[in-house]
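Enquirer: For the sequence shown, counting from 1, position 110 maps to 1128 in my numbering; every step adds exactly one.
All residues carry an ideal CB built from backbone N, CA and C; glycine is no exception.
I am attaching a structure below and will ask some questions about it afterwards.
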Amino acid sequence: MSSSAVDVARAALLEITQESSIGALVSEQSEGEGVSTVRFASTMLGYPDWFWTVSVAQLPDEEPTVLEAELLPGEGALIAPDWVPWADRLEDYKAAQAAIAAGELAAGADADDDVDDDDDDEHGDDDLGDDPDDGIDFESDELALMPTAVGVDEQDEPDAESDEDGPEPPAAPVRKQRAKKQQ
């Protein structure tokens, strides 16, 4: 392929991304029948080992034409894991929960035990936020240091009613006033 194909490929990329995200020319590969693939390094943050890839067609006695332009991962690129349908994930979750329940029963736990039972808690505290993996401890003094909303007084706000039936008709005195004005 010629340098005009590289120029056409770079111009095509400039239509879909900023010039600063297009790195150096990495390769030109002939795909046969007048089609070649031009690859440029990606300089976008978060996309190491990704390449801007442009397919260019060059017919005899014609100007090069862009067939496709895209960002593709290279060998060491970080890519998302394969998508798993929700039904499959739910089935795996249920199986894991059953295995945990079977393991607890096998370890001597009573089937009627409630894990969240607060009867054994001396202080009446619930266990919300006590999971060491979640990074939240509701019983610490850190919450006292958190800023509170200024100017919010929830006690003064009236209870909202559902307005599913649409607007209410005006009160009777308003109807009488409207009738007088129309006459």
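Within 10 Å of its beta-carbon, does residue 1054 have 16 or more other beta-carbons around it, so buried, or fewer, so exposed?
Expert: Its Cβ being crowded by 16 or more others within 10 Å, residue 1054 is buried.
Enquirer: May I ask you to report which of helix, strand or coil DSSP gives residue 1121?
Expert: helix
Enquirer: So, using beta-carbon positions, are residue 1090 and residue 1069 closer together than 8 Å?
Expert: yes
Enquirer: Ends of the alpha helix (DSSP H) at residue 1030?
Expert: 1021-1032
Enquirer: Measure the C-alpha to C-alpha separation of residue 1037 and residue 1104 and round it to an integer number of angstroms.
Expert: 39 Å
Enquirer: In the stretch 1071-1103, which residue ranges form an unbroken beta strand (DSSP E) of at least 3 residues, counting only runs that do not cross its ends?
Expert: 1083-1091
Enquirer: Please state if the CB of residue 1088 and the CB of residue 1071 are separated by a distance shorter than 8 Å.
Expert: yes
Enquirer: Do you know offhand how far residue 1035's Cα is from residue 1086's?
Expert: Cα to Cα, residue 1035 sits roughly 14 Å from residue 1086.
Enquirer: Take residue 1107 and list the residues in its own chain whose beta-carbon comes closer than 8 Å to its own, dropping the five residues that flank it on each side.
Expert: Nothing meets the Cβ criterion.
Enquirer: Nearest-angstrom Cα distance between residue 1083 and residue 1063?
Expert: 29 Å
Enquirer: Drop a sphere of 10 angstroms on the beta-carbon of residue 1023, count the other beta-carbons inside from all chains shown, and report buried for 16 or more, exposed for fewer.
Expert: It is buried - the Cβ of residue 1023 has at least 16 other Cβ atoms within 10 Å.
Enquirer: Under the rule that 16 or more other beta-carbon atoms within 10 Å means buried, what is residue 1021, buried or exposed?
Expert: exposed
Enquirer: Out of curiosity, what's the CA-to-CA distance linking residue 1046 and residue 1098?
Expert: When rounded, the separation of the alpha-carbon atoms in residue 1046 and residue 1098 is 27 Å.
Enquirer: Within its chain, find whatever has a CB closer than 7 Å to the CB of residue 1030; leave out the 5 residues flanking it on each side and keep chain order.
Expert: 1072, 1084, 1087
Enquirer: Put residue 1047 into one of helix, strand or coil per three-state DSSP.
Expert: Three-state result, residue 1047: strand.
Enquirer: I'd like to know whether the C-beta atoms of residue 1074 and residue 1042 end up nearer to each other than 8 Å.
Expert: No, they are not a contact pair.
Enquirer: By Cβ distance, which residues of its chain are closer than 7 Å to residue 1092, with the 5 residues on each side in sequence left out?
Expert: 1067, 1068, 1069
Enquirer: If you draw a straight line from the alpha carbon of residue 1076 to that of residue 1109, how long is it in whole angstroms?
Expert: Between residue 1076 and residue 1109, the C-alpha separation is close to 51 Å.
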